[in-house]
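Some notes on the structure that comes next.
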């Protein structure tokens, strides 16, 4: 082997990210040879651009139309209703499908392209088909310090093959006090341990309220000085919500409760402190 | 261990778990909407004076004086807007969630008073889409407030009219940035706008717009009740009042606490939140969300207020304290932080879009043993080039903590680099071989 050839091969190996002693790391490429995803779905340049759908020929479910129109009435500019309208269509269709986009475009009198540009920006609007139930596992810093990465992997593995459940690692969901946590169809639950994965998914599959004891809605504030009296735990979220909707007062008579002297005993932490996940123990470094 | 501070008054969290506080009936029995009645008896200018006298600084992150912000709005009859930023997506922050879920009426009352002072007639609450329970709670409270005549035409017989709409977002960190939020509220992608013009002059629908955080607006009724000067006696001279802090990470009692600004950080982390578990110590902590430069254990005695933290080279931000104990490698913290900003960068400005991406790649090279200590210099310079070169501060929000980690934990990074290289079979000798190979010099017997 000549020196020139040898030089070439080591330089090539280095360029490929491989190091002497390691195998060269191939650069992932898509079918069309590009390193950028999406370019293989080349636009059909012959096709006419989609305009605002014709209201006469586009079939929009009456409920969806009413909801979108109600949202549009809330704003001085109808386009402000884009996000709520797309969210409504997603609830009906499961994702922002071309059909869903067309229906929203028809009611809002905007082009489908405009709506797609918006839908592709936001994490909660799905641009490809997904399972009916969403399980967002927060994997941001506060949760990951308490073992969220392991939780997410376990959750994804346990739900793998179940097309109905869409497990996603999500950025900070704003519930670091119950870390590690997940948002299951919008309901926050935590702190979760690896043992909670199966019961949680079973609740989802059975359409039951998810882990009622671990729902955020039931938690009292952490500050021990906040409440001058001991309050009962909040009802679970599904009960609380129906309570909000009906404006029902809790069964306890607050009129008599308000005169009660403050409890000397301060409420402590509102939930058991989770055992630290194992990886905290072992020194990763 | 320091004892919890007992003498601090609780203004926002007092009896927040009282059953049914989210209903108008309980809220009013506790004196709710009295501040609104009082404010409507005053002129808007008098309300503004109270806000200015209170010295209240924005609780969302920037810490700008709220009264001054209101006074920036042009006077005269025109369409003015008030927007409440309830996007709360700064990692580590969850104080607004607690307020909106349990006491939605205090926010609504605060918004009506603030809109009255600013002369705004249309108002919006932009709440992040993930907060379903909180948005439902607000919607139900709004319906009650409308029914009681607190919203609508000629509120309580005054000449002030106002509408209020809860707008649900759909999951994007950048929509917490005020101009990104405005674009999103107008129904577009949440790309930030060039400033100036500032929202106070040209904001929502190109009209003058006042944007404030949930906690800031929820404090307004208290200020009217107490009087601005009385409120200003709390806290320190330049950081008045109380603040909600969200403590998370490696502490025994994570959660929301209300503190008087200016108490030592140690009292919050150890006294209130219980500190790290037995046998662990604080390695570093973010004083104001994951965007704030980190501090080390020796900084725990700093007073927790806007100016002291600014002097220490960091910021109070949203009041989210994230504690990292000594069991976690600093590289993990840096990588997690950088990956978040890479994901959330809207892609509009090159330094942020590329800088966040390359920072993640360089940090990953450390883990795989491909990095050399020189990479730390490059990484630090990348952070320098992001700062101040973009339309908004999302890029800075990554550059500041990563830059501070490299500066403060340089030795640990270097050790990590060396260890990872050894694990790859690249000792010091192999390292020099590699350098030679990169220059094209053939190496005999390379591993």
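Residue numbers (the numbering used here), protein chains in the order written: chain A, 72 to 356; chain B, -19 to 427. Yeah, the Cβ is synthetic: ideal placement off N, Cα and C, and Gly gets one too.
- Taking a contact as a CB-CB distance under 8 Å, the pair residue 339 (chain B) and residue 310 (chain B) does not count as one, their CB atoms being some 14 Å apart.
- The alpha-carbon of residue 348 (chain B) is positioned some 32 Å away from that of residue 246 (chain A).
- No Cβ of chain A is located within less than 9 Å of the beta carbon of residue 103 (chain B).
- For the 9 Å CB-CB criterion, residue 263 (chain B) and residue 308 (chain B) form a contact.
- For residue 214 (chain A), the uninterrupted alpha helix (DSSP H) segment begins and ends at 212 to 216.
- Its Cα nearest to that of residue 2 (chain B), the residue B:84 stands out among B:374, B:166, B:84.
- Collapsing the DSSP output to three states places residue 240 (chain B) in a strand.
- Distance between residue 285 (chain B) and residue 266 (chain B), taken at the CA atoms: about 14 Å.
- For the pair residue 115 (chain B) and residue 401 (chain B), the Cα-to-Cα distance works out to about 50 Å.
- Three or more Cβ pairs closer than 8 Å define a contact, and the segment 330 to 337 of chain B meets that threshold against the segment 361 to 371 of chain B.
- Residue 261 (chain B) and residue 256 (chain A) have their C-alpha atoms spaced approximately 37 Å apart.
- In this model, residue 240 (chain B) and residue 232 (chain A) are separated by some 51 Å (Cα to Cα).
- Under the 9 Å criterion on CB atoms, residue 171 (chain A) is classed as non-interfacial with respect to chain B.
- Under the DSSP assignment, residue 212 (chain B) falls in the alpha helix (DSSP H) whose first and last residues are 208 to 212.
- The segment 187 to 198 of chain A makes contact with the segment 154 to 169 of chain B: 3 or more CB pairs, one atom from each, lie closer than 8 Å.
- Residue 63 (chain B) places its beta carbon less than 9 Å from that of residue 189 (chain B).
- Here residue 145 (chain A) carries a coil assignment [DSSP, helix/strand/coil].
- For residue 104 (chain B), the secondary structure class from DSSP, reduced to helix, strand or coil, is strand.
- For a Cβ distance threshold of 8 Å, residue set -1 of chain B lies close to residue 303 (chain A), ordered along the chain.
- The beta-bridge partner set that DSSP reports for residue 276 (chain B) consists of B:264.
- For the segment 205 to 226 of chain A, the beta-carbon criterion of a distance under 7 Å to any beta-carbon of chain B is satisfied by 211, 212, 213, 215, 216.
- Non-local beta-carbon contacts of residue 396 (chain B) in its own chain, meaning distances under 7 Å to residues more than five positions away in sequence, involve 309, 311, 346 in chain order.
- A direct Cα-Cα distance of roughly 22 Å separates residue 36 (chain B) from residue 292 (chain B).
- Linking residue 195 (chain B) to residue 39 (chain B) through their CA atoms gives a straight-line distance of about 6 Å.
- In the three-state DSSP reduction, residue 236 (chain A) falls in the strand class (E or B).
- Comparing C-alpha distances from residue 5 (chain B) to each of B:79, B:95, B:128 shows the shortest one belongs to B:128.
- The C-alpha of residue 197 (chain B) lies about 11 Å from the C-alpha of residue 79 (chain B).
- Following the DSSP letters along the chain, one finds residue 207 (chain A) inside the beta strand (DSSP E) bounded by residues 204 to 209.
- Neighbours of residue 165 (chain A) across chain B, judged by C-beta separation under 9 Å, do not exist; the nearest C-beta is about 16 Å away.
- Counting C-beta atoms within 10 angstroms of its own C-beta, residue 44 (chain B) has fewer than 16 neighbours from the protein chains shown and is therefore classed as exposed.
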